[in-house]
Structures are given as structure tokens and as C-alpha cells.
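J.:
There are 2 protein chains.
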Amino acid sequence: MASGADDRVTCAVLIIGDEILSGRTQDTNLRDIARYLNVIGVDLAEARTVPDVMDEIVGALNALREKYDYVITTGGIGPTHDDITADAVAEAFGVELFEHPEIIAMMEARFGDQLNAARRRMARVPVGGDLVKNPVQGPPGFTIGNVFTLAGVPQIMRGMLEDVGPRMRGGRPTVSRTVRVEGSGEGAIAAPLEVVAKAHPDMSLGSYPFFSPDGYGSNLVIRSRDPEALTGVIAELIAALKAAGIDNVREIDVA
Amino acid sequence: MASGADDRVTCAVLIIGDEILSGRTQDTNLRDIARYLNVIGVDLAEARTVPDVMDEIVGALNALREKYDYVITTGGIGPTHDDITADAVAEAFGVELFEHPEIIAMMEARFGDQLNAARRRMARVPVGGDLVKNPVQGPPGFTIGNVFTLAGVPQIMRGMLEDVGPRMRGGRPTVSRTVRVEGSGEGAIAAPLEVVAKAHPDMSLGSYPFFSPDGYGSNLVIRSRDPEALTGVIAELIAALKAAGIDNVREIDVA
Chain W
1 MASGADDRVT CAVLIIGDEI LSGRTQDTNL RDIARYLNVI GVDLAEARTV
51 PDVMDEIVGA LNALREKYDY VITTGGIGPT HDDITADAVA EAFGVELFEH
101 PEIIAMMEAR FGDQLNAARR RMARVPVGGD LVKNPVQGPP GFTIGNVFTL
151 AGVPQIMRGM LEDVGPRMRG GRPTVSRTVR VEGSGEGAIA APLEVVAKAH
201 PDMSLGSYPF FSPDGYGSNL VIRSRDPEAL TGVIAELIAA LKAAGIDNVR
251 EIDVA
Chain B
1 MASGADDRVT CAVLIIGDEI LSGRTQDTNL RDIARYLNVI GVDLAEARTV
51 PDVMDEIVGA LNALREKYDY VITTGGIGPT HDDITADAVA EAFGVELFEH
101 PEIIAMMEAR FGDQLNAARR RMARVPVGGD LVKNPVQGPP GFTIGNVFTL
151 AGVPQIMRGM LEDVGPRMRG GRPTVSRTVR VEGSGEGAIA APLEVVAKAH
201 PDMSLGSYPF FSPDGYGSNL VIRSRDPEAL TGVIAELIAA LKAAGIDNVR
251 EIDVA
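As given, the protein sequences belong to chains W and B, one line each in that order.
In terms of the UniProt record's numbering, the first sequence opens at residue 1 and continues consecutively.
In terms of the UniProt record's numbering, the second sequence opens at residue 1 and continues consecutively.
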């Protein structure tokens, strides 16, 4: 469960792009954002992927920004006709777009008289919005209200993320520890795991099975915002597994 | 745009699992499902990722099965306490779960007296549901109404998909062709691309930029259900690009 803590700060991700829904592009931004948010103690609570269609983007963005503390969007901020994310964010907030002078200045410095209409589209920001720094390449992203609008290109998105975290009201970081079971499948592990999980509803216990040449096994991951309590639960889980006759159990480091 | 055709058949994907939202696991099922649906002519219209939380799964599933022709869920059908997808699907449809005799028979054959309560959880199917074959390993998935519930483990999910397509009312397959531009960035490509896109609203034109040692470039992907019309548009696009002074243009095979 990602839920539990009262100080929970939530974020949703809205992935925008036909290329994801067509299967042409493998999204990796969701995982990268999730890992980034973990470290600052913000829970990624939901993700949605929608096509480059105005009504779909606006509808999803309004649903998510209402339900969660923050929303991060990725994709659709390039110069081509199918990049309508800025238009959709402005529509969702009921504001106009304007050409941000800082972006125009960057573009004039780079392109000079090659600064055409398509490139100028990338300078458009919703009225009331601020810029999100792009330390990698190309124009910045922007933020308005509780929404952060980032690029879709992974290396650029990751760079922009560095300017997002400091603006979020973060909870405490989540600590994750992993107990590895070898030679036993989930079917055997489930009962002792469930006993420990039910005894600690404030923690997240997940079982991630694998199949190795040596047979079945599973990595049991426990996540908590309380490192000291986590240490006790790790010992409790290992004891419960061994009491169930599962002997090949050890904590591993997957940091 | 994924939209356009009147004979459009739509599907949404609901990815269920804390491990995706925690960033621990990189989802690849969405891409694989998208590519599978393309071939049978079904449009993947939206995807959502939710945690292993009953209310979140039920809410998302009911929203998606109402809005689209089909919904495919992945994940949360294992034996452990955190696998609640079957419970959530039954809840969404307002029916009970029952132990499917075919699955119990498979499990008895495999596990004998090792068929414990945890494993029996994987035999539970919503009343009114049918099985989805699992040609890989472990118990089958199930389908009820317009929802298909598949495993989260990618190789098992892909195997189960083979039993999903034949049950869908598919449109015509979508054909995809790609024009590669090298030495010019999206900023230069955007204008001619937009002209061609606006002239053919029934087709999907996307620009997917890359950065190579030789500089900027982009793959321009055109998707249509009409292969003959697509051939004409490819020629039209290449002519428009060259007329804009973009010479390093050729069709490539990305099949």
C-alpha cells in the first residue's frame, strides 16, 4: 500500500503522447519519476497515459490535479503540430498562453533569425505559470498551480525533475529493505508474509517473485518511513519465514 | 491522433501494482499490449496505473470499462495478500468470486496436497467470468464483461494476450510507415509536417526526434488504416519536406 501515513504527500503522473499508446515508444519516465519522488518522500499515487488529444489531456489533468497534491506531466511540449500540452494545461486552468520573454531571449540567442513560428511555440507558457529549469538542452518546462509540465525525452525530463523536487512539500523519505527467499515459491511464502503485513499496516510489504535455474524464489520488499521500526519488522519477517520451514532467507542490499 | 475512424474499436489498459508506482519495476506490458492491439486494429486509447488498493482499482476499472469497448488489466493476480485484482474486479461488477473447478483441477494435478490456501486464491474467478488461457506457466487469467484480467509477469501476460485478441471485435489493422529526416531538427520540420497532417486528419502523423553524432534528426511516423492512401501521403510528405529545403529525407523500414 502506498497509503497509510498521515503526512502523506501525493503526486500523479500524466504521460502525454500517441507514441506511448501506439507502442512505438517504451516509456521510462514513470519509473524515473517514481524513484525521484521516493527519495523526497512524495508518494506517486497514480499514473495515466493519454493521447495527444485536447479533451483527453484536459479531462485527465483536471481529475488528477483535483485529487492529488501534485501532478507531473511529460511529453507534448515540442514544436510540432501534435505537441499541444501547453495549450491543454492553459485550457485546464482557464488561462491564455503567452510567449515567455526569458525563453524567447534564449531562443533568439541560439537561433537568431532562424527563430521561426514552430520554435516560438515552445516559448508559450500559461499566464500565471513559472519556468522549470532545463539543464540539459532546449527550452524549459513550466509549472502552474500544482502542475509541473516537463519534456518527454527522458534525459531532458530527468534534468527538469531536479528543479521540481525543491518546489514540493515533501514528506519524510521512504526507506526500502529487501529479504530474498530462494528455493521457495510465492505460494509457500504468502502465509507468513501476510501475517507480518497485517501486523504492520503502516508499512508496504510486496513480494516480487523470480524464476532462476535453481528454482523459484522471491524478493520481499518492505518500505517504511520509519527506519528503526523497519529493522524490527525485517527480523520479524525472517523469523516468520523460518518458522514456516523456509530456511533459505537472507536480507540483501538492492540500493 | 488515435481517433478518426468511425469503425474505431477502443481499449484501455489498467496496470495494477505498487511495484510500478514505487519505481521498483519498469513496466513493459503497456508497450507490448499496444503493439498487439495495433495488429488487430484495436486502438489503445488510455492507460492507467494504480496501486494495490481496492477503492483505486475499482474506481479506475469502472471508469475505463464504461468509457471504452474493452479493458485489459495486468498484475495483482498472484497468491500473496497484496494481490487483490480478482477481488477488485468482482467488486466492480458487483459479483462474488468462486473457485473455478478447472483451475483447482490444474492445481491439484500440479501441487497435490501442497495446494494451500494461498495457491487456492489464484483459482478465484468472478461469477459469470470465463478463463483466459495461460500457455506459459501458472494459472489462467479471466474475462468478465468487457474486461480481461491478465498476469503482470511480462512473458506470462504476452502468452495470455494470444487468447484475448480472438475475443475482441477488431477493426482493420493500422499500417505504419516512417520517413527519416537527418541533419534537420523538429523546428525546421514542423511547418511542412503540419501542412501534410492538416490535409489528412484521418491519419496519425507523429514526429519522434533523435540526436545523433551527425546532429539532429527525426523519424516521422504516419499511421493509417488505408495502406493505399498512406502511400500517397508518404510521397506528399517527402515532397513537402524537400520543398522546404530539407533534402536528407528517406523512407525507412521500422517493421
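Think of the CB as a built atom: it goes at the ideal place given N, C-alpha and C, for glycine as much as any other residue.
Return the residue from the list B:ASP52, B:VAL125, B:GLU46, B:GLU162 that minimises the CA-CA distance to VAL50 of chain W.
T.: Checking every option, the nearest Cα to that of VAL50 of chain W belongs to B:GLU46.
J.: What does DSSP give as the partner residue(s) for PHE111 of chain B in the beta ladder?
T.: In the DSSP output, where bridge partners are listed per residue, PHE111 of chain B has none listed.
J.: For ALA235 of chain W, count the other beta carbons within 10 Å of its own beta carbon; 16 or more makes it buried, fewer makes it exposed. Which is it?
T.: The residue in question, ALA235 of chain W, is exposed, as its Cβ has fewer than 16 Cβ neighbours within 10 Å.
J.: Are the C-beta atoms of ALA243 of chain W and some chain B residue less than 8 angstroms apart?
T.: False, the Cβ-Cβ gap to chain B never drops below 8 angstroms.
J.: Show which residues of chain B have a CB atom less than 9 angstroms away from the CB atom of HIS200 of chain W.
T.: The contacting residues do not exist; HIS200 of chain W stays about 12 angstroms from chain B at best.
J.: Counting C-beta neighbours from all protein chains within 10 Å, is the total for residue 267 of chain B 16 or more, i.e. buried, or is it exposed?
T.: Since the first residue shown for chain B is 1 and the last is 255, residue 267 of chain B is missing from the structure and cannot be characterised.
J.: Here's the rule: buried if 16 or more other CB atoms are within 10 angstroms of the residue's CB, otherwise exposed. What is SER212 of chain W?
T.: Looking at its Cβ environment, which holds fewer than 16 other Cβ atoms inside 10 Å, SER212 of chain W is exposed.
J.: In angstroms with no decimal places, state the Cα-to-Cα distance between GLY59 of chain B and ALA92 of chain B.
T.: Answer to the nearest angstrom: the Cα atoms are 8 angstroms apart.
J.: With distances taken from CA atoms, which of B:ARG177, B:LEU241, B:ARG35 is nearest GLY187 of chain B?
T.: Answer by Cα proximity: B:LEU241.
J.: Give me the DSSP bridge partner(s) of PHE93 of chain B.
T.: In DSSP, PHE93 of chain B forms no bridge with anything.
J.: Please classify TYR216 of chain B: does DSSP put it in a helix, a strand, or coil?
T.: Correct three-state label for TYR216 of chain B: strand.
J.: Using beta carbons (cut-off 8 angstroms, strictly below), is LEU21 of chain B in contact with chain W?
T.: Answer yes: the Cβ-Cβ gap between LEU21 of chain B and chain W drops below 8 angstroms somewhere.
J.: I need the straight-line Cα distance from ALA191 of chain W to HIS100 of chain B, nearest angstrom please.
T.: Looking at the two C-alpha atoms, the distance is approximately 21 angstroms.
J.: LEU14 of chain W bridges to which residues according to DSSP?
T.: In the DSSP output, where bridge partners are listed per residue, LEU14 of chain W has W:ARG48, W:THR73.
J.: To the nearest angstrom, how far is the alpha carbon of ALA90 of chain W from that of VAL125 of chain W?
T.: Straight-line Cα distance between these residues: approximately 8 angstroms.
J.: Should the region 106-114 of chain B be regarded as contacting the region 237-252 of chain W, the criterion being three or more beta carbon pairs within less than 8 angstroms?
T.: No: the two stretches stay apart, fewer than three of their Cβ pairs being nearer than 8 angstroms.
J.: Can you confirm whether THR149 of chain B, when its beta carbon is compared against all beta carbons of chain W, has any partner nearer than 8 angstroms?
T.: No, THR149 of chain B lies away from the interface with chain W (no Cβ there is under 8 angstroms from its Cβ).
J.: At a Cβ threshold of 8 angstroms, is HIS100 of chain B touching chain W?
T.: Not one chain W Cβ lies under 8 angstroms of HIS100 of chain B.
J.: What's the gap between the Cα of THR178 of chain B and the Cα of ILE222 of chain B?
T.: So the alpha carbons of these two residues sit roughly 6 angstroms apart.
J.: With 8 angstroms as the threshold, decide whether the Cβ of LEU161 of chain W is near any Cβ in chain B.
T.: So, not an interface residue.
J.: Could you please tell me which residues of the region 65-90 of chain B, in chain order, have their CB closer than 8 angstroms to any CB of chain W?
T.: Cβ contacts with chain W come from GLY78, PRO79, THR80, HIS81, ASP82.
J.: Can you give me the start and stop residues for the alpha helix (DSSP H) that THR231 of chain B sits inside?
T.: Counting along the chain, the alpha helix (DSSP H) containing THR231 of chain B begins and ends at 227-243.
J.: Going by CA-CA distance only, name the one from W:SER207, W:GLY217, W:GLY128, W:GLY245 that's closest to ASP52 of chain B.
T.: That would be W:SER207, whose Cα lies nearest to the Cα of ASP52 of chain B.
J.: Count the other CB atoms, across all protein chains shown, that sit within 10 Å of the CB of VAL164 of chain W; report buried if there are 16 or more and exposed otherwise.
T.: Buried: at least 16 other Cβ atoms inside 10 Å.
J.: Where do the ends of the beta strand (DSSP E) carrying GLY141 of chain B lie?
T.: That run of the beta strand (DSSP E) goes 141-144.
J.: Grab the span of the alpha helix (DSSP H) containing VAL136 of chain W for me, first residue to last.
T.: Here VAL136 of chain W belongs to no alpha helix (DSSP H), and DSSP marks it neither H nor E.
J.: For GLY75 of chain B, collect the residues of the same chain with a Cβ closer than 7 angstroms to its Cβ; drop the 5 residues on either side in sequence, then sort them by chain order.
T.: Here the set comprises ILE15, ILE16, GLY17, THR85, GLY152.
J.: Is the shortest distance between the beta-carbon of VAL221 of chain W and the beta-carbons of chain B less than 8 angstroms?
T.: Yes - at least one Cβ of chain B is within 8 angstroms of the one on VAL221 of chain W.
J.: Taking the alpha-carbon of SER22 of chain B as reference, which of W:ILE33, W:ILE144, W:GLY141 has the nearest alpha-carbon?
T.: When only C-alpha atoms are compared, the closest one is W:ILE33.
J.: Check the DSSP bridge columns for ILE222 of chain B and list the partner residues they point to.
T.: Answer by DSSP bridge pairing, in chain order: B:ARG177, B:LEU205.
J.: What residue range does the beta strand (DSSP E) around ARG167 of chain B cover?
T.: Counting along the chain, ARG167 of chain B falls outside any beta strand (DSSP E), and DSSP gives it neither H nor E.
J.: Quick one: does GLU46 of chain W have its CB under 8 angstroms from some CB of chain B?
T.: True, the Cβ-Cβ gap to chain B drops below 8 angstroms.
J.: With DSSP collapsed to three states, give me the class of ILE252 of chain B.
T.: In the structure shown, ILE252 of chain B sits in a strand (DSSP, three-state: E or B).
J.: Look at PRO135 of chain B and GLU102 of chain B and say whether their C-beta atoms are less than 8 angstroms apart.
T.: Cβ atoms of PRO135 of chain B and GLU102 of chain B: not closer than 8 angstroms.
J.: Just list the residues that DSSP pairs GLY25 of chain W with in beta bridges.
T.: Residue identity differs from the one stated: residue 25 of chain W is Thr in this sequence, not Gly. According to DSSP, THR25 of chain W bridges with nothing at all.
J.: Since ARG124 of chain B sits in a beta bridge, which residues does DSSP pair it with?
T.: B:GLU99.
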